[in-house]
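If you read the sequences in order, they're chains A and B. Mapped onto the working numbering, the consecutive letters of the first sequence carry residue numbers 1 to 173. Mapped onto the working numbering, the consecutive letters of the second sequence carry residue numbers 174 to 346. Report on the structure given below.
2 protein chains.
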Amino acid sequence: MILRSEVRRAQERTMELFARAGIVLTAEERERIEVAGFGLGQLEAQGLELITYSNTDRYCAKELVLFPGQTCPEHLHPPVGEEPGKMETFRCRWGTVYLYVEGDAAPDIRAVIPAGSESHYTVFHEIVLQPGEQYTIPPGTKHWFQGGPEGAVVSEFSSTSRDEFDIFTDPGI
Amino acid sequence: MILRSEVRRAQERTMELFARAGIVLTAEERERIEVAGFGLGQLEAQGLELITYSNTDRYCAKELVLFPGQTCPEHLHPPVGEEPGKMETFRCRWGTVYLYVEGDAAPDIRAVIPAGSESHYTVFHEIVLQPGEQYTIPPGTKHWFQGGPEGAVVSEFSSTSRDEFDIFTDPGI
Ligand SMILES: [Zn+2]
Ligand SMILES: [Zn+2]
Numbered sequence: 001m002i003l004r005s006e007v008r009r010a011q012e013r014t015m016e017l018f019a020r021a022g023i024v025l026t027a028e029e030r031e032r033i034e035v036a037g038f039g040l041g042q043l044e045a046q047g048l049e050l051i052t053y054s055n056t057d058r059y060c061a062k063e064l065v066l067f068p069g070q071t072c073p074e075h076l077h078p079p080v081g082e083e084p085g086k087m088e089t090f091r092c093r094w095g096t097v098y099l100y101v102e103g104d105a106a107p108d109i110r111a112v113i114p115a116g117s118e119s120h121y122t123v124f125h126e127i128v129l130q131p132g133e134q135y136t137i138p139p140g141t142k143h144w145f146q147g148g149p150e151g152a153v154v155s156e157f158s159s160t161s162r163d164e165f166d167i168f169t170d171p172g173i
Numbered sequence: 174m175i176l177r178s179e180v181r182r183a184q185e186r187t188m189e190l191f192a193r194a195g196i197v198l199t200a201e202e203r204e205r206i207e208v209a210g211f212g213l214g215q216l217e218a219q220g221l222e223l224i225t226y227s228n229t230d231r232y233c234a235k236e237l238v239l240f241p242g243q244t245c246p247e248h249l250h251p252p253v254g255e256e257p258g259k260m261e262t263f264r265c266r267w268g269t270v271y272l273y274v275e276g277d278a279a280p281d282i283r284a285v286i287p288a289g290s291e292s293h294y295t296v297f298h299e300i301v302l303q304p305g306e307q308y309t310i311p312p313g314t315k316h317w318f319q320g321g322p323e324g325a326v327v328s329e330f331s332s333t334s335r336d337e338f339d340i341f342t343d344p345g346i
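What follows is the structure in structure tokens.
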């Protein structure tokens with residue numbers, strides 16, 4: 001459970017990071033910034049803030065915010081019906097993102113795995129994104145990501161989002 | 174024909190507008206900013222600058238720049254094979270865009286139709302986009318757009334781009 005006051009505060013911090021990144025939202029969008037705690041009740045450690053610009057049956061675009069050290073937990077996007085899993089391009093707009101996908105593990109990763117959840121993080125191929133840098137995650141690939149020391153603002157371009165089908169490594173999500 | 178020097182200058186102006194909008198490109202991206210004159214040889218009046226971030230078989234994302242008063246000529250995106258035409262969401266990031274689509278014509282439009290090309294502009298339903306505002310153009314709908322007094326930076330989120338199939342109203346394109 002995340003308190004309503006905590007959601008409000010997270011929305012305000014999100015707007016501060018958007019302002020630093022030069023990103024403008026309408027008043028209507030500001031009201032519907034999503035604060036995702038993934039049911040873990042530890043938003044600072046494991047959470048994500050986002051605004052969905054457009055999610056049609058053909059494509060999706062979102063703006064994501066990670067606070068410093070905040071982690072979006074490991075998950076993958078499975079096929080849905082006839083369609084392959086969601087494909088995502090993450091483009092860093094501001095700050096730093098540490099992104100982890102399947103593949104050769106980095107010997108010493110830069111992110112700090114959320115304490116107590118170590119067993120729910122299993123892929124460690126490291127990609128560090130600075131402003132202007134991007135990475136495309138193929139469908140069905142496990143991934144997780146964390147904001148750097150100042151946090152991060154990340155544009156997500158993707159195929160249609162169907163979040164209810166996402167498979168998280170942590171069975172508590 | 175656009176001179177090589179004119180392309181370079183347009184790329185530089187594009188980078189200036191990106192900087193004002195807080196948009197960062199990599200060195201590699203800066204080198205491949207596209208300057209589209211549509212074969213009309215009057216880039217200032219009819220043209221578009223853009224960088225394609227990602228164009229996969231599932232979605233596409235670009236950043237567009239219009240100089241002050243510069244117009245992207247009227248066109249539509251037809252079906253390609255089994256697929257409906259390209260669907261596009263334009264999100265204004267900086268400046269002002271005057272966008273025209275099929276529908277009730279505005280009595281007095283804000284854009285200035287490029288001189289000598291009046292007959293190639295036929296749709297006048299006006300949408301004015303300021304930073305944070307966006308509009309989605311359905312497949313197969315004629316549209317054109319022009320940069321306001323300071324120009325514009327516009328994010329385009331869309332289904333796959335197959336520009337070679339675009340149908341322009343001007344037979345000279
Ligand atoms: Zn994902
Ligand atoms: Zn178009």
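Ideal Cβ positions, reconstructed from N, Cα and C, are used throughout, including at glycine.
Bridge pairing for residue 90/A: 135/A, 156/A [DSSP]. Nearest C-alpha to residue 108/A among 120/A, 96/A, 75/A, 124/A: 124/A. Relative to ligand 2, residue 275/B has its C-beta separated by 7 Å or more from all heavy atoms.
For the pair residue 279/B and residue 299/B, the CB atoms are nearer than the 8 Å cut-off.
Under the three-state reduction of DSSP output, residue 27/A falls in the helix class. For residue 269/B against residue 61/A, the beta-carbon gap comes to about 21 Å, at or over 8 Å, which does not count as contact.
Contact between residue 13/A and residue 67/A holds: their C-beta atoms lie close to 6 Å from each other, under 8 Å. Distances between the C-beta of residue 120/A and the heavy atoms of ligand 1 are all 7 Å or more. Residue state for residue 112/A is assigned as coil, using DSSP reduced to three classes. Sorted by position in the chain, 248/B, 250/B, 261/B, 316/B make up the residues whose C-beta lies under 6 Å from a heavy atom of ligand 2. With a contact defined as Cβ atoms closer than 8 Å, residue 319/B and residue 243/B qualify at about 7 Å. Taking a C-beta distance under 8 Å as the contact criterion, residue 267/B and residue 198/B do not qualify as a contact pair. Within chain B, the residues 226, 227, 232, 234, 330 have their CB atoms less than 7 Å from the CB of residue 157/A, given in chain order.
The three-state reading of DSSP puts residue 183/B in helix, counting H, G and I together. Between the C-alpha atoms of residue 138/A and residue 19/A there is a straight-line separation of about 31 Å.
By the 16-neighbour rule on beta-carbons within 10 angstroms, residue 73/A is buried.
With its beta carbon less than 8 Å from one in chain B, residue 25/A belongs to the interface.
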